[in-house]
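Shown next, in structure tokens, is the structure this report addresses.
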Amino acid sequence: MSVKERLKKYLTHIDMSENDFEGKCGLSRGFVSKDRDCIRKNNLLKIQKAFPDINIIWLQTGEGQMLNQTIIEPTIIYHYTDLKGFLGIISSGYIRLSDLSNANDRCEVFNRSGYKYASFCMDGDVKGCLNPCMWTHYGDEYLGICIGFNLSKLKEINKGKGFMSFPIQYKGIEEIKNNTSDECGLKYKLSVWNYENEYRFIHESNDILSFNYECITEVYVPKEINGKFRDMITSVGLNGKTHGIWFVGGLPEECFINDPSLDMRKECINPIEGFNNPMIIKFEKKKDCSESEGRSRAKKYLEELNANDGERTRNDFIVLNRKEYDELISEKAVLKHDVDLLKKRLSVYEQDSVISVAKVKKDA
């Protein structure tokens, strides 16, 4: 089936004449009936804008289904970064789009559309901010930051700037191998990448996706980072939206106490509010500053980090390095075992004492 035949099949499905279709899309008269091997990019974008339900991949190649699957837009999307990236985002007021040449998916490295992209994570089998793979690959190996954005507000601020946005659809290799050369190919990735559950903004020339503080719904930070850097994060006007993440058995969970024990968390009847860790610093709810002041502080902190970058090691970002942390937890487990053993011995001793006293009274 040719491109022309597929286009006519779609018109039959929606019960529309060729003239009406061409008029709605802003195409030249006779466009539908013209024989062609493919549709040019500018005309393809016109069709996609006027009729978003048509599968552009199917129209161009015949692969897949005629109609796009109904995709529900998420309410919140999450962006993972490291501490310096977070301060840069907050101080500038935008997320910078990346070149496809920097993509970790080799199919996209060879995409010649010229588009730039910004990647986010959606909720899936786990909440988007609690995805352990994302924390490992994009969250600075569990020492970074995850920012939650309200998607509708993010779109509203960037309305009229020409951005396209969509959830990534994960396909088999046969479905995408011929669709990696234009912007349509940026909507699809191989199914091996589905753990990312990605949502994407793309633009042909603009590399700045703007936002304000109202767009930010939440900020997630690992509890392991030390007080100095935690104070940086909670001093930029977002403390009321900031949550601690504690990695229990390698899986991230929200929590507000400085102990990885599930039993300890269950015993905590009144969890501490906010992000501050009561076992590291005394809890004190910070009053958030204004957005302009927060951006100014973030810029100052970023300059400080850049100035001292050559002297800083990874362990400077955490309260304890991993070896010390593991030793502390092991030591705590041993102490708990010793305490339990002493309690048992004390119980036996008390019972023996009661029996001895009773015997003395009886003999008397």
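Numbering that gives the first Met the number 0 puts the sequence shown at residues 0 to 363. No residue lacks a Cβ here, since even glycine has one placed at the ideal position from N, Cα and C.
- About 46 Å separates the CB atoms of Asp81 and Asp36; that is not less than 8 Å, and the two are not in contact.
- Restricting attention to beta strand (DSSP E) runs no shorter than 3 residues, the stretch 105 to 167 encloses them at 115 to 120, 144 to 149, 163 to 166, ordered along the chain.
- With distances taken between CA atoms, Leu150 lies nearest to Cys214 out of Cys214, Gln168, Asp14.
- Scanning its chain for C-beta atoms nearer than 8 Å, with the 5 sequence neighbours on each side dropped, one finds around Asp104 the residues Lys188, Leu189, Trp192, in chain order.
- When secondary structure is reduced to three states using DSSP, Lys188 falls in the strand class.
- For Asp337, the three-state secondary structure derived from DSSP is helix.
- With fewer than 16 other Cβ atoms from the protein chains shown falling within 10 Å of its own Cβ, Cys132 counts as exposed.
- In this structure, DSSP gives Ile172 a helical state, which the three-state scheme calls helix.
- In the structure shown, Leu66 adopts extended strand secondary structure according to DSSP, grouped into three states.
- Residue environment for Ala117: buried (at least 16 other C-beta atoms within 10 angstroms of its C-beta).
- Per DSSP, reduced to three states, the secondary structure at Thr11 is helical.
- Secondary structure note for Leu208: its beta strand (DSSP E) is the uninterrupted segment 207 to 209.
- Under a 10 Å Cβ-count criterion, Gln47 is classified as buried, with 16 or more other Cβ atoms of the shown protein chains found around its own Cβ.
- The C-beta distance from Ile89 to Arg294 rounds to 6 Å, short enough to meet the 8 Å contact threshold.
- Rounded to whole angstroms, the gap between the alpha carbons of Ile144 and Gly184 is 29 Å.
- Take the alpha-carbon of Lys222 and the one of Leu334: they are about 23 Å apart.
- In chain order, Tyr114, Tyr116, Met163, Leu185 place their CB closer than 6 Å to the CB of Ile201, counting only its own chain and leaving out the 5 sequence neighbours on each side.
- For Val31 and Asp52, the gap between their C-alpha atoms comes out near 18 Å.
- Using a 10 angstroms sphere on the CB of Tyr9, the tally of other CB atoms reaches 16 or more, which defines it as buried.
- In chain order, Lys23, Cys24 place their CB closer than 6 Å to the CB of Ala49, counting only its own chain and leaving out the 5 sequence neighbours on each side.
- Ranked by Cα distance from Val220, the first of Arg95, Ile244, Gly61 is Ile244.
- Cβ neighbours of Gly123 within its own chain (closer than 6 Å, five residues either side excluded): Asn196.
- About 5 Å separates the beta carbons of Tyr300 and Leu86, which is inside the 8 Å limit, making them a contact pair.
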